[in-house]
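The structure appears below as structure tokens.
2 protein chains.
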Amino acid sequence: MSDTLKQLRERFGEIYDLSGALTIVEWDQLVMMRPRGAELRGEVVGTLSTILHQKWIDPAFGELLAKGAEETADRPDADPDKASIALATRERDRLVRIPTELASEMARHGAVAYGIWVEARKNNDFASFAPALEKHLDLHLQYIDRFPKTEHPYDVSLAQYDLEYTTAELNELFAELKRGFRPIIDLVSANPGAANDDVFLGHFPKATQAAMFNEFSLACGARADVWRLDETVHPFETAPSMDDVRITTRYYENDIASGFFGTLHETGHGLYEDGVDRALARLPIGHGGTHDLHESQSRMIENQVGRSRAFFDYALPIFQRYFPEKYGNVDAETLYRSANVMRPSLIRVEADEATYNMHIALRFEIEQELVLGNLKIKDLPEIWSVKMQELIGLTPPNDADGVLQDVHWSGGAFGGFVGYTLGNVIGAQLWPLINADLPDLDAQFAAGEFLPLREWLREKIHKHGRTYGTRETMRRIGIERIDPEPLRASIAAKAQEIYG
Amino acid sequence: MSDTLKQLRERFGEIYDLSGALTIVEWDQLVMMRPRGAELRGEVVGTLSTILHQKWIDPAFGELLAKGAEETADRPDADPDKASIALATRERDRLVRIPTELASEMARHGAVAYGIWVEARKNNDFASFAPALEKHLDLHLQYIDRFPKTEHPYDVSLAQYDLEYTTAELNELFAELKRGFRPIIDLVSANPGAANDDVFLGHFPKATQAAMFNEFSLACGARADVWRLDETVHPFETAPSMDDVRITTRYYENDIASGFFGTLHETGHGLYEDGVDRALARLPIGHGGTHDLHESQSRMIENQVGRSRAFFDYALPIFQRYFPEKYGNVDAETLYRSANVMRPSLIRVEADEATYNMHIALRFEIEQELVLGNLKIKDLPEIWSVKMQELIGLTPPNDADGVLQDVHWSGGAFGGFVGYTLGNVIGAQLWPLINADLPDLDAQFAAGEFLPLREWLREKIHKHGRTYGTRETMRRIGIERIDPEPLRASIAAKAQEIYG
């Protein structure tokens, strides 16, 4: 290995470790830390972020990357050093535009605003969160200002999540989705009595839920000596490395569905991190892939696996073992239909497949307007209500179930929501290809065998980490363009089956 | 504030935050992380340690400290900037002697060796841990070599823990302790039937223990919105800041005493961190004091409080509430006598007050010999047995209950054990002074009122953080020299009461 590449590997390792430390410190803040620690934790996050930022923008690092790119020009694109240099160069080009002070203030304010959001949500009081959000928006606009003018300023918001699509392209995609899903939403809204999810309601002690969820997660391929499952207000997945994967879920003791599907969703994310080739550790490409690809994996485990008919042949006896009184007389078909109840809901993370993307459309449209300056923070609750009514047919009774429901804005995260819809779309495009390679998938699910699916995903997607972007990963699998039709068709079929 | 002091405050803050990050990452490794993560976690710890070390040894920081010392020369010693500059200057002078590579290797190896120790202890196999310990000793000798020659090379080992006493002084102290405690150990060994701790044996579900221990910890003054109590193999306390205090304990379901006194012990440590003046946050003096002072606080809550007769008047109904069948017919006097059973034991952390310091003497003597090169790692199990027999009258049946019992060596920590004995000695010296100021202490304990004691400790000791060293803190309270007699006398009196 040349001296340049050796030096680059050292710097890559240092950045990987610092990011890992930040991941742990932030996970700890959300999962373990007592509330009083928030203010000084904000300082820790700020200092680590600043140091990390300094490491990235160091001019000597830029020179090494340029030299490294030259040295590896003749290698294949998948060569770990070449791919790492390409990714780090893109990331660095983005970061050099951001002054250290701005980056640090964004991180610091994220830690503080999170605490404010938790309180505001608990007290159902958007006004107390508004100033923190105002500041986040202001910082985000400063961020956008640092980039060359794009067709839409929101293109910059999207690009920070490595999304390879423009605002215009996505507005087209969402127009198509809104058109395509309108009849589905109308169908299920017209027949609300056709199915219900009472079977998920009852009394479910938290500890029993946790044990059962963990069992499902392990069955899907989580490694017991690598993964943790914990509780948070808002479920998430994070991984300091492929050897240390953490998912969280929530527990409603009167409703098991939320925690159950939340766990499956985060398990999908975790499998991506867990599956990255160990040889890529401490390289920029040594984490799970782009935001939308990542989301395709989580939605796949949640929906294509966890809401399939076959899955419940396997899951029923497990539900019965943990909750014998509740599920002793329930059959798999009932669980399946209940898992696929489509009923417009106020809460995105509990939305069914018919309306999920409308929740995203709402946020996507609001964020564009915020960034354009066409919308004031104080008007958010109102516009939220209006759009909620227009897209989903519901009006939130309060802020907690409306504009305050998501954690994202408390971290100043504008631009990432559409990744969820892209994930849905991509997952649905992948599914026929997977079924072509694994024709026995249903029989496997019914038997509780999920490792063949994990191996397919690992081989085609996970193990490469961030070697390829979204478009290239899909191209290598045989998908040339993003297409909402498979998603629409599959949901329409399910809606027809249950509500037709 | 002058520009120099402003710049120093920034650098102090950065160092405080990085140390806080390291604290969290290491706590997480011991408490939360799954085992597979250890190797890459070692890299994170190494990288953070390296960056922290670079911040400390930065020549510009040294110049700022010198300028700051000049600027603050006329201020009182307790001035936060002056005291911080003095402490940081001492710490930096120590650190500039250590090459970054050595510091980083020590930290990195600590993370790896911890995992090896856990396995070795579980498998009762010292040989599998020996190479890791060998490497720690080698690194420690390299460390010692970086300092000016001292009377005894082990003086350097002691100084790294901010211990203000030399090997020679401590050998005298331990000679006195060995002489003074011999008759006590003989007395209790001659009457083993005079007391027993059967009352702590039985069946105690882990979750119930945890809830009860937490209640005691809160009663002693732990703030619920600041503290965590978790489970580890080896109890410890750590605090990223005064707003974020973490203690751990262990749970033996057949023996409640270990976890109970462990919790009280760590609570004493936690109160020190919790009590540091919030205004000292992000300054070098903004943590709990020196190792031996710290230990005086933990041993005080464990022994002077938790093993007092009055304490059990308060504690009995709580034991009865959590474990009604077990404690329904027990009286406070029985709990008190059981808590003070003196019975030579193989395990330091479970040792009674009569033999505790002999456990330390053993380690103190072994470490001196290791550092002098008079003792080989492979001979440790044997020398351990010999000294255990000589000092305590017992021979360990295996490595797990002998040389592998403590976590310290897995982190390469040589020189710190004597802090525990110094803590015992100092705590016993403080106790008559506290009782003079708070004559109602027994009545307060019996009523479950521990806040007056906490306030005394906070006012005299905790709130100052690391403003003063051990000797100066004691001098300000009215103690001119370290003296083992109060400790000996108090244990001798208790031994006489129960075994006489």
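Chains A and B supply the protein sequences, listed in that same order. One point on numbering: in the numbering used here, the residue at position 273 of the first sequence is 361, and numbering is uninterrupted. One point on numbering: in the numbering used here, the residue at position 468 of the second sequence is 556, and numbering is uninterrupted. C-beta atoms are modelled at their ideal positions from N, C-alpha and C, and glycine is treated no differently.
{"query": "Coil, strand or helix - A:D343 by DSSP", "result": "strand"}
{"query": "Cβ-based neighbour list, A:E158, same chain, cut-off 6 Å, excluding 5 preceding and 5 following", "result": "none"}
{"query": "Spatially closest choice to B:M562 from B:E341, B:D530, B:A516 and B:A577, by CA coordinates", "result": "B:A516"}
{"query": "A:L317: first and last residue of the uninterrupted beta strand (DSSP E) it sits in", "result": "W315 to E319"}
{"query": "Neighbour list for A:I335 in chain B, Cβ cutoff strictly below 8 Å", "result": "Here the premise fails: no neighbours, minimum Cβ distance about 12 Å."}
{"query": "Sufficient close CB pairs (3 or more, under 8 Å) joining the segment 100-114 of chain B to the segment 316-323 of chain A", "result": "no"}
{"query": "Cβ-based burial, B:D525 [other Cβ within 10 Å; buried from 16]", "result": "exposed"}
{"query": "Contact list for B:S172 against chain A, beta-carbon separation under 9 Å", "result": "Those within 9 Å of B:S172 in chain A number zero; the least Cβ separation is about 16 Å."}
{"query": "Where the alpha helix (DSSP H) containing A:A367 begins and where it ends", "result": "Where A:A367 is concerned, there is no enclosing alpha helix (DSSP H), given that its DSSP letter is neither H nor E."}
{"query": "Start and end residues, alpha helix (DSSP H) containing B:T160", "result": "Careful: B:T160 lies outside any alpha helix (DSSP H) and carries neither H nor E."}
{"query": "Beta-carbon gap between A:L225 and A:L458 smaller than 7 Å", "result": "yes"}
{"query": "Straight-line Cα distance separating B:S386 from B:A352", "result": "First, the amino acid is wrong: residue 352 of chain B is Leu here, not Ala. C-alpha separation (whole angstroms): 7 Å."}
{"query": "DSSP-derived helix/strand/coil call for B:D332", "result": "strand"}
{"query": "Below-7 Å beta-carbon distance, B:R124 vs any chain A residue", "result": "yes"}
{"query": "Meets three-Cβ-pair contact criterion under 8 Å: the segment 91-108 of chain B and the segment 165-176 of chain B", "result": "yes"}
{"query": "is_contact[B:I112, chain A] using C-beta, thresh 7 Å", "result": "yes"}
{"query": "Proximal chain A residues relative to B:S498, where beta-carbon distance stays under 8 Å", "result": "Within 8 Å Cβ-Cβ: nothing; B:S498 doesn't reach chain A, min ~19 Å."}
{"query": "Collapsed DSSP secondary structure at B:L289 in the structure displayed", "result": "strand"}
{"query": "Same chain, Cβ closer than 7 Å to A:A218, neighbours up to 5 away in sequence not counted", "result": "I465 and K466"}
{"query": "Residues bridged to A:T326 (per DSSP)", "result": "A:R334"}
{"query": "Cβ neighbour criterion (16 or more within 10 Å) applied to B:Q392", "result": "buried"}
{"query": "Interface flag, A:E131 vs chain B, CB-CB below 7 Å", "result": "yes"}
{"query": "B:A208 classed as buried or exposed, judged by whether at least 16 other C-beta atoms fall within 10 angstroms", "result": "buried"}
{"query": "Exposure label - A:P328; buried when at least 16 CB within 10 Å", "result": "buried"}
{"query": "Closest Cα partner of B:Y360 within the set B:K414, B:F349 and B:H375", "result": "B:H375"}
{"query": "Spatial distance of A:R564 from A:I373 (CA atoms)", "result": "17 Å"}
{"query": "A:N428 and A:I586 closer than 7 Å at C-beta", "result": "yes"}
{"query": "Three-state secondary structure assigned by DSSP to B:R182", "result": "helix"}
{"query": "A:A195 (DSSP reduced to helix, strand or coil)", "result": "helix"}
{"query": "CB contact check: B:S305 to chain A, cutoff 7 Å", "result": "no"}
{"query": "Min CB distance A:A109 to chain B below 7 Å", "result": "yes"}
{"query": "Local Cβ density within 10 Å of A:M89, reported as buried at 16 or more and exposed below that", "result": "exposed"}
{"query": "CB contact check: B:D105 to chain A, cutoff 7 Å", "result": "yes"}
{"query": "Any chain A beta carbon closer than 7 Å to B:E354", "result": "no"}
{"query": "C-beta neighbour in chain B for A:V437, strict 7 Å", "result": "no"}
{"query": "Option in A:H291, A:L529 and A:I272 with minimal Cα separation from A:S396", "result": "A:L529"}
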